[in-house]
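For the sequence shown, the residue numbers in the numbering used here are 14 to 322. Note that beta-carbon positions come from the ideal geometry of N, C-alpha and C, so glycine has one too. Note that this is a predicted model, so its numbers are computed, not measured. Written below as structure tokens is the structure these notes are about.
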Amino acid sequence: MSELPVRTERLVVRRFAAGDVAAFAAYRSDPEVSRYQSWDAPVSEVDAGRLVANFAAAEEAAPGWFQYAVELAGELIGDVGIGLHDNGMQAEVGFTLARPYQGQGYATEAVRCVLDRVFDAGVHRVSADCDARNTASAKLLERLGFRREGRRVQHTWANGEWTDDLLFGLLATDWPSPVPAIYACRPNVLVRDLSTSLRFYRDLLGFGVGWRWSDPSGRFLAEDDPDEPGTALVVREGAHLILTQVADAHPTRLHLDVNTTTQVDDLFAEWHGRGATIAEPPSVRPWGMYEMRLHDPDGTVLRVSAHPA
Ligand SMILES: CC(C)(COP(=O)(O)OP(=O)(O)OC[C@H]1O[C@@H](n2cnc3c(N)ncnc32)[C@H](O)[C@@H]1OP(=O)(O)O)[C@@H](O)C(=O)NCCC(=O)NCCS
């Protein structure tokens, strides 16, 4: 097995260290994050310190739990745990991501990296279970190729009620599961005034704001920056909408989100090879995405993009 840390496309997967205590305590204290988990929020800094010290001292290849820290741009954003069976051939997986980083594929990327290591080390089977109401967790496991193997009805007593568990399994022979190219299609909705639309989706309908891009400043806005004309992503449960305020109306746009830039190139080759006219071939755009564009017969613009490595 290679040494930790490991770099993925956007993340660093590494051992825990003493400097992680505050961030770890913060996201594990979020009641939304702990909702279907075995611990109670809030998690004090003292308890977090004890846990992080244990994680940092654990041996990755030894039986028992090993916790991987997941880092994005120098910040701890979550963790992935592997519980290795005494026989060294079976393991369990668990994962947690701080709320602001959910919905962007980071957990999939981090768990995929950890599963690569586990199967490389000779593990035959990885199991996982989750509360049946934890759809984000079940979707993540299925996205990675886990097979849903069953449901244990009213198996767990949690927070004063009986809850169902979903059971999942993944075999070394099924790994790596093919990485899908297009993993989401998000409509780009034209809006007259972005501030008004954000107030509607965010304040009235309870959508979260993923990011805001300002056209006048040509940059992503920070959380406390006021709204500016441009584009914003709003997300609630499985629905992602990209709201765009532009000076001149443009035709309907759809964002086809692709996992890697190589897959964007492959789609370009495939569609170009079949005779589709590509309006703009793949290139890195000012907002950092690797993107190509094509038009369907009605003029709908398909924006096909991935994060550059
Ligand atoms: C479980 C948990 C880690 C899943 O997090 P997540 O953000 O849904 O998973 P990912 O980071 O992989 O993001 C996937 C989502 O981002 C979207 N996405 C964006 N970019 C993506 C990319 N490059 N690759 C894959 N998905 C991407 C996917 O479409 C998906 O959205 P959807 O759920 O609306 O379909 C998170 O909900 C969590 O921490 N929950 C609290 C702790 C918990 O319950 N853990 C599990 C215990 S069993």
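- If the five residues before and after Gly-62 are omitted, its C-beta is found closer than 6 angstroms to the C-beta atoms of Val-34, all from its own chain and listed in chain order.
- The C-beta distance from Val-124 to Leu-157 rounds to 6 angstroms, short enough to fall under 8 angstroms.
- For Gly-77 and Arg-306, the gap between their C-alpha atoms comes out near 48 angstroms.
- The C-beta of Gln-115 has 16 or more other C-beta atoms within 10 Å across all chains shown, which makes the residue buried.
- In this structure, the C-beta of Phe-108 approaches ligand 1 to less than 7 angstroms from one of its heavy atoms.
- Secondary structure of Glu-304 (DSSP, three-state): strand.
- With respect to the 8 angstroms criterion, Leu-218 and Arg-249 are classified as neighbours on the basis of their beta carbons.
- With a threshold of 7 angstroms, the Cβ atom of Gly-116 counts as near ligand 1, since some heavy atom of the ligand is closer than that.
- When secondary structure is reduced to three states using DSSP, Asn-100 falls in the coil class, being assigned neither helix nor strand.
- Placement of the Cβ of Ser-140 at a distance of 7 angstroms or more from every heavy atom of ligand 1 is found.
- For the 8 angstroms CB-CB criterion, Val-83 and Leu-24 form a contact.
- Taking every protein chain shown into account, the CB of Ser-150 has 16 or more other CB atoms within 10 angstroms, so this residue is buried.
- According to the DSSP assignment, Trp-284 belongs to the alpha helix (DSSP H) that extends over 274 to 286.
- DSSP places Phe-132 in the helix class (H, G or I) of the three-state scheme.
- Between the C-alpha atoms of Ala-319 and Phe-281 there is a straight-line separation of about 13 angstroms.
- Secondary structure of Asp-261 (DSSP, three-state): coil.
- By the criterion of a C-beta distance shorter than 8 angstroms, Arg-112 is surrounded in its chain by Tyr-40, Asp-43, Glu-45, Val-46, once the five residues flanking it on both sides are discounted.
- In this structure, the beta-carbon distance from Asp-178 to Asp-144 falls below 8 angstroms.
- Across the set Asp-238, Ala-235, Thr-244, Ala-54, the C-alpha of Thr-244 shows the shortest separation from the C-alpha of Asp-228.
- Taking Gln-167 as reference, the option from Thr-176, Phe-159, Met-302, Leu-180 with the minimal CA-CA separation is Thr-176.
- For the pair Arg-164 and Ala-141, the Cα-to-Cα distance works out to about 12 angstroms.
- Between Glu-174 and the set Tyr-49, Trp-284, Ile-95, the nearest pair of CA atoms involves Tyr-49.
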